[in-house]
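Student: For the record, the sequence lines run as chains A, B, C and D.
Taking numbering that gives the first Met the number 0, the leading residue of the first sequence gets 0, the next gets one more, and so forth.
Taking numbering that gives the first Met the number 0, the leading residue of the second sequence gets 0, the next gets one more, and so forth.
Taking numbering that gives the first Met the number 0, the leading residue of the third sequence gets 0, the next gets one more, and so forth.
Taking numbering that gives the first Met the number 0, the leading residue of the fourth sequence gets 0, the next gets one more, and so forth.
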Amino acid sequence: MKKVVKNVDEAIEGIQSGMTLMLGGFGLCGIPEKCIEAISKRPEIKDLTCISNNAGVDDFGLGFLLKNHQIKKMISSYVGENEEFERQMLSGELEVELTPQGSLAEKCRAGGAGIPAFYTPAGYGTEVAEGKETREYNGKMYILEESLVSDFSIVKAWKGDTKGNLVFKATARNFNPVMAMAGKITIAEVEYLVEPGELDPNEIHTPGIFVHRIFEGKNYEKRIEQRTTSN
Amino acid sequence: MKKVVKNVDEAIEGIQSGMTLMLGGFGLCGIPEKCIEAISKRPEIKDLTCISNNAGVDDFGLGFLLKNHQIKKMISSYVGENEEFERQMLSGELEVELTPQGSLAEKCRAGGAGIPAFYTPAGYGTEVAEGKETREYNGKMYILEESLVSDFSIVKAWKGDTKGNLVFKATARNFNPVMAMAGKITIAEVEYLVEPGELDPNEIHTPGIFVHRIFEGKNYEKRIEQRTTSN
Amino acid sequence: MLKKEDIAKRIAQELKDGWYVNLGIGIPTLVANYIPEGIDVTLQSENGLLGMGPFPTKESIDADLINAGKQTITTMPGSVFFDSSDSFAMIRAGKVQLTVLGAMEVDQNGDIANWKIPGKMVKGMGGAMDLVASAENIIVAMMHTNRAGESKLLDKCSLPLTGVKCVTKIVTNLAVLEIKDGAFHLLERAPGVSVEEIKAATAGKLIIKGDIPNMI
Amino acid sequence: MLKKEDIAKRIAQELKDGWYVNLGIGIPTLVANYIPEGIDVTLQSENGLLGMGPFPTKESIDADLINAGKQTITTMPGSVFFDSSDSFAMIRAGKVQLTVLGAMEVDQNGDIANWKIPGKMVKGMGGAMDLVASAENIIVAMMHTNRAGESKLLDKCSLPLTGVKCVTKIVTNLAVLEIKDGAFHLLERAPGVSVEEIKAATAGKLIIKGDIPNMI
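1. Taking buried to mean at least 16 other C-beta atoms within 10 Å of its own C-beta, is Q96 (chain D) buried or exposed?
2. In angstroms, rounded to a whole number, what distance separates the CA positions of T119 (chain B) and P206 (chain A)?
3. When burial is assigned at 16 or more other CB atoms within 10 Å of the CB, is N161 (chain C) buried or exposed?
4. Less than 8 angstroms between the CB atoms is what I'm expecting for F117 (chain B) and R222 (chain B), so what's the real figure, rounded?
5. Residues in the same chain with beta-carbon distance under 8 angstroms from G191 (chain D), minus the five sequence neighbours each way, listed in chain order, please.
6. Who pairs with L42 (chain C) in a beta bridge, going by DSSP?
7. Leaving out five residues before and five after A179 (chain A) in sequence, what residues of the same chain have Cβ atoms less than 8 angstroms from its Cβ?
8. Does any residue of chain A bring its CB to less than 8 angstroms from the CB of N46 (chain D)?
9. Identify, in the order they occur along the chain, each residue of the same chain with its Cβ nearer than 7 angstroms to the Cβ of K3 (chain C), setting aside the five sequence neighbours on each side.
10. Taking only the alpha-carbon atoms, compute the straight-line gap between S78 (chain C) and S229 (chain B) and give it to the nearest angstrom.
11. What ranges does the alpha helix (DSSP H) occupy inside the stretch 73-128 of chain B, keeping only unbroken runs of at least 4 residues that lie completely in it?
12. Could you tell me which chain A residues have their CB closer than 8 angstroms to the CB of T74 (chain C), listed as they occur along the chain?
13. Based on DSSP bridge pairs, tell me the residues matched to S152 (chain A).
14. Go through its chain and collect everything with a Cβ distance to T125 (chain B)'s Cβ below 8 angstroms, but skip five positions before and after it.
15. For A182 (chain D), which of helix, strand or coil comes out of DSSP?
16. State the DSSP-derived secondary structure class of I35 (chain B), mapped to helix, strand or coil.
17. Can you pull the DSSP bridge partners for M140 (chain B)?
18. Taking I169 (chain D) and V105 (chain D) to be in contact with their CB atoms under 8 angstroms, please state how far apart those CB atoms are, rounded to whole angstroms.
19. T170 (chain A) CB to nearest chain D CB: under 8 angstroms?
20. Can you round the beta-carbon distance between N46 (chain C) and F25 (chain B) to whole angstroms, since I take them to be within the 8 angstroms contact cut?
21. Please identify the residue among B:K66, B:E145, B:M21 and B:A171 whose C-alpha is closest to the C-alpha of Y136 (chain A).
22. Quick check: Q100 (chain B) and T71 (chain C), are their CB atoms within less than 8 angstroms of each other?
23. Please go through the same chain and pick out, in chain order, the residues whose beta-carbon is closer than 8 angstroms to the beta-carbon of T98 (chain B), but skip the five residues on each side of it.
24. Is I30 (chain A) close to chain D, meaning its C-beta is less than 8 angstroms from at least one C-beta of that chain?
25. What is the C-beta distance between V3 (chain A) and T133 (chain A), in whole angstroms, given that I count them as a contact (C-beta under 8 angstroms)?
26. Is there a Cβ of chain B sitting closer than 8 angstroms to that of V79 (chain D), yes or no?
27. I need the boundaries of the alpha helix (DSSP H) containing L100 (chain D), first residue and last residue.
28. In angstroms, rounded to a whole number, what distance separates the CA positions of I211 (chain D) and V175 (chain D)?
29. Against chain B, which members of the stretch 23-57 of chain C pass a CB distance test of less than 8 angstroms?
30. Can the beta-carbon of E231 (chain A) be found closer than 8 angstroms to that of E202 (chain B)?
31. Between which residues of its own chain and S150 (chain C) is the CB-CB distance below 8 angstroms, once the five residues before and five after are set aside?
32. Looking only at C-alpha atoms, which of A:K45, A:L64 and A:N52 sits nearest to G17 (chain A)?
33. By the 7 angstroms beta-carbon criterion, what residues does the stretch 83-99 of chain C contribute toward chain B?
34. Closest to I11 (chain B) by C-alpha separation, out of B:G29, B:I38 and B:M21, would be which residue?
35. Kindly indicate if chain B contains any beta-carbon less than 8 angstroms away from that of S157 (chain D).
36. What do you get for L176 (chain B), buried or exposed, if any count of 16 or more other CB atoms within 10 angstroms of its CB means buried?
Right under this line is the structure:
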C-alpha cells in the first residue's frame, strides 16, 4: 500500500465540485500552498466548501480559489485580510459560517476522533449559539457543537515519512494535525519526505494512520503577512 | 514562580483524605511510582478516589494503596491483575466504576480541555450506558459521557524542564498527558529534570502550563508485568 | 479441529495490504505470526503504538515499551507513539480497518460479551467496548464451546454485553461463520469437522447453504 | 489622557508572577513591553505557542514562527509549540490566568462586542469567543469613546456579542474601571482627567465612591 504520490496533481486526484475540503494553516503560516495552487489550476472544480481558519490573502493561499469563484462556502474563524473575500461575502456570492477558533479546532479534532458532538462554553449568549442546544454544567453555560469531517483534508508538514507520519515546525503546526485526523482522505504535502525509521517515534505529531497520500513539495514560498522585526 | 519541588514529600503536600487523584500509567508502565510510594507511607491519607486505567499489582503501584485501604473508589478500565483488588471489590470494601478505556482517556482529556461532556459510541447498549443519555448521529447510536477532573493529577515523564514541560518515552506516555491536563494541581515526577531551552519546543508532549510541581525521581524500578522475549 | 495457532493462521488470511489492525489478547495476538507474504499490515496497540514489532531479545528489553497485553515488545521502522486519547481517537474514527478479539459469548445479532461474569469475575472491559463500537470489521477468535462443553454461539448473549450488533465474522476451532440478518452463516468447516458437529455446537440460529468447504 | 502605550503600561501592573497570559491584537500586544521586573509571565499565543518572545532581527525571521496577529516573532527558553486544539484546551480549561483584549463595546454586565458590525464589517471572532468564555480574568484595553466621540461603555451592547458577563476590568485612555453588580466602578483616573470627564464619556451605569485616585 503506497501512500507516496509522485506529484501534486496525483495528490489532488478525486477532488470534485461540491466537496468539502479542510485546509490547514493559520493566516498564511503552514498552509498547503502546493495543493491550493494545483486546485486553482483546475477551475472546473467548483462549489467547494472550504474549512480553514482563514481565507488567505488576495493573491496567495485560498485567495486563488476565491478569485476563481471555486468556493461556495467558507467555514472559518477570521477572514479579515482579503478584499475579494469581503466583496463576495457582502454581495452574497459567498456563504460564510464563522466559528470560534477553539470550537473550529475542536470540531475538527472531534470529527477525527469519532466524537459526533461536544459541549463548549465558546459563543454562549452570542449569535454563534443560535439554534444550538445549551446546557448548564457546574453553574456555567455551554453550547452543543457538532463535529466536522471532510471529503479531503489537505495539510502541510515540515517532515513526513513514506508511512504518512508527520512532524510540523513551530507555529506552522496550528490546524494541520486536527484537520489531518478529520479527512475521509488526507493529503499531506511536506518539505522533507524521508524513509520509515528516520523520524523518532516519540516525536511524531500526526500518526501515519491519518494520512492517505503524501508528497514532497519544492520551493515553498511561505509568504509572511506581518514582517515585524526588532531592528 | 517555582514549579520545582525538592523531593517527593514536598510534591505530594496537600493531598488529603477524600480527594480525587488521577494517576498516569498503563499496567505498571509509566506509573508515578515515587509519588505512589510516598502516599502509601502516609496511611492517614484515606478515602481516596483514584482514577487510573489499572490498579497496579499486589506488591507494586496502586497495590500499595489498596493494601493500606487508602482507596475508597477506583475509576478504571481494567483491573485484572490484582488479587487484593478483586477481594476488596467482591466484598464491597472497594467501590469500582469500570469505564471503557477510550472513554476514560477522553473523559480526562475533556476535563483538561474545558469540555464538560461529549458523545461516544463506546458502551452503547451495555451496562456502561445505563442512566446515560443516548442520541443518534448519522444512523449510529452514541452515549453522552461527562468529563473528569482531579484534585491532584500525578504523572510520570521521561524528561521535564523547570517550566513543567514534559516529554514521555515510548508507551510509557499512555494516560499521562491527558491526566496532566485534568488536574487542579498536577504533579510530574521525571527521570531527567533539565533547564528551560534544553527540550526542543517542537517535541514537547505536555506543555508546562498544565504542570504545577515537578521533581526528578531517583532509581526507577519500572517493574515489568509480562517479560516476553524472542530468545 | 483447529488449534489456537490454526485459528490465528486462518484469520491472517483475512488481512489486506495497507490495513491497520488491532489484535486483542490471547489467540488474536498470534495472528501477527501468520501475516501473509507481500501483505503490509500495521499493528495498532491501544496503549499507544502504531507499528508493533515482535518480542525483544533479552538484551534489548525495555520496560517502557509494552503492548496492550502488558508484554514487552519492539517497534517496526516507521512506528509512532501517542497518548491514550489519540489512540482511541483513531479507533473511534474508524481508521483501524480490522479488530480481532476473543469472546465469552457471541450471538446471532452480532452482540458480544467478554468482560464480566456477574458475581464471579470482573476484570473490566479495557479497550474492548471502544473497539467493538467503532470498527467496521470485527472478527472474533474463540473456541466454539466453553470448558463445560456449552456453545458460545448463542441466540442471545446471557452475560453483560461488550457491544451490540458489531461482530461480523467468527473463527473458532470448528468453523468460520459470518453474522448477518440475525443468524450465523456457516462459511467453512475445520478439517475433519462435520457440519453435524458444528450444528450440535451452535446454540444460535445457524444457516447452512449448499456444500460447506473445508477451511482455506 | 493616556496614550496607547500608557494603557498597556497600566495593564502590565496587573500581572502576577507565574501567570500565563494571552494578549490580543492591538493595545494588548503592547503589554508585553512593560512587564514589571521580577515578574515571570509566560505569553500564550493561541495559534500554538507558549513562551512568546520579542520580534526577531531581520536576519533571524522565520515564516513558520508567528503570533496570533500573524506577526513574525521569537520564542523564549522553555517555550513549547502545540496544535490549535491543544491551544484552546488550555484556554477553555482556565489554565490561562489573564486575557487582555480590545473591544468595540463593553456593557455594565460585562458583556463584550468586538467582532462584527452588521452590514459593514465582519472579520470574524477568531479566538476571542473562546477566550472570553473561558478566562476567569478578562481585562479590556480600549479607548473610552469611539471615533465619533460616542461612549464605548454602555448599559447594553448594541453590536453582536462576543461573550456575556465576562469582562472584569477595563483600562481606557481615561480611567480604570471594574465591572461588578451590573455597573462600572471607577477605580482610577488617568492623569489630568477629571471625574466629570469620565462621567460624560460613560454611557452605562457608573459608580463613583469617595475620592478617585490618579492611575498608579
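Built from N, CA and C at the ideal position, the CB exists for glycine as well.
Remember, it's a predicted structure, so these values are computed and weren't measured experimentally.
Tutor: If we stick to the structure as given:
1. Classification of Q96 (chain D): buried, given that the 10 Å Cβ count is 16 or more.
2. Cα to Cα, the separation comes out at about 22 angstroms.
3. Per the sequence presented here, residue 161 (chain C) reads as Thr, with Asn not at that position. With at least 16 other beta carbons inside 10 angstroms of its own, T161 (chain C) counts as buried.
4. So it is not a contact: roughly 34 angstroms between Cβ atoms.
5. The beta carbon of G191 (chain D) lies closer than 8 angstroms to those of M0 in the same chain, with the five residues before and after it left out.
6. C:V20.
7. The beta carbon of A179 (chain A) sits closer than 8 angstroms to the beta carbons of G23, G111, S152, V154, L165, T185, A187, T205, F209 and V210 from its chain, once the five residues preceding and following it are set aside; these are given in chain order.
8. Against chain A, the CB of N46 (chain D) has a partner CB under 8 angstroms away; the residue lies at that interface.
9. Closer than 7 angstroms at Cβ, skipping near neighbours: I26 and L29.
10. When rounded, the separation of the alpha-carbon atoms in S78 (chain C) and S229 (chain B) is 19 angstroms.
11. Entirely contained in the stretch 73-128 of chain B, the alpha helix (DSSP H) runs reaching 4 residues are, in chain order, 82-90 and 100-110.
12. Under the 8 angstroms cutoff, chain A gives P200.
13. The partner list for S152 (chain A) (beta bridge, DSSP) reads A:M21 and A:T185.
14. Hits under 8 angstroms: none found.
15. Correct three-state label for A182 (chain D): strand.
16. The three-state secondary structure of I35 (chain B), taken from DSSP, is helix.
17. Answer is B:E135.
18. About 6 angstroms separates the two Cβ atoms, so the contact holds.
19. Yes, its Cβ sits closer than 8 angstroms to a Cβ of chain D.
20. Rounded to the nearest angstrom, the Cβ distance from N46 (chain C) to F25 (chain B) is 5 angstroms, consistent with a contact under 8 angstroms.
21. Nearest Cα to Y136 (chain A) within the set B:K66, B:E145, B:M21 and B:A171: B:E145.
22. Result no, Cβ atoms of Q100 (chain B) and T71 (chain C) do not sit closer than 8 angstroms.
23. Spatial neighbours of T98 (chain B) in its own chain (CB-CB distance under 8 angstroms, excluding positions within 5 residues in sequence) are listed in chain order as I74, S75, S76, K106 and V127.
24. It does not; no Cβ of chain D falls within 8 angstroms.
25. Not really, about 47 angstroms apart at Cβ, beyond 8 angstroms.
26. At a cut-off of 8 angstroms between C-beta atoms, V79 (chain D) counts as an interface residue with respect to chain B.
27. Counting along the chain, L100 (chain D) sits inside no alpha helix (DSSP H); it lies in the beta strand (DSSP E) bounded by residues L97 to L100.
28. Straight-line spacing of the CA atoms in I211 (chain D) and V175 (chain D) works out to 10 angstroms.
29. Cβ contacts with chain B: S44, E45, N46, G47, L48, P53, F54, P55, T56 and K57.
30. Nothing about residue 231 (chain A) can be read from this structure; chain A reaches only from 0 to 230.
31. Hits under 8 angstroms: H143, T144, A200, T201, A202 and G203.
32. Of the listed residues, the one whose Cα sits closest to G17 (chain A) is A:K45.
33. From the stretch 83-99 of chain C, only S83, S84, F87, I90 and R91 have a Cβ closer than 7 angstroms to chain B.
34. Out of B:G29, B:I38 and B:M21, the CA that lies nearest to the CA of I11 (chain B) is found in B:I38.
35. Not closer than 8 angstroms to any Cβ of chain B, the Cβ of S157 (chain D) fails to qualify, so no.
36. Residue 176 (chain B) is actually Pro in this sequence, not Leu. Result: buried.
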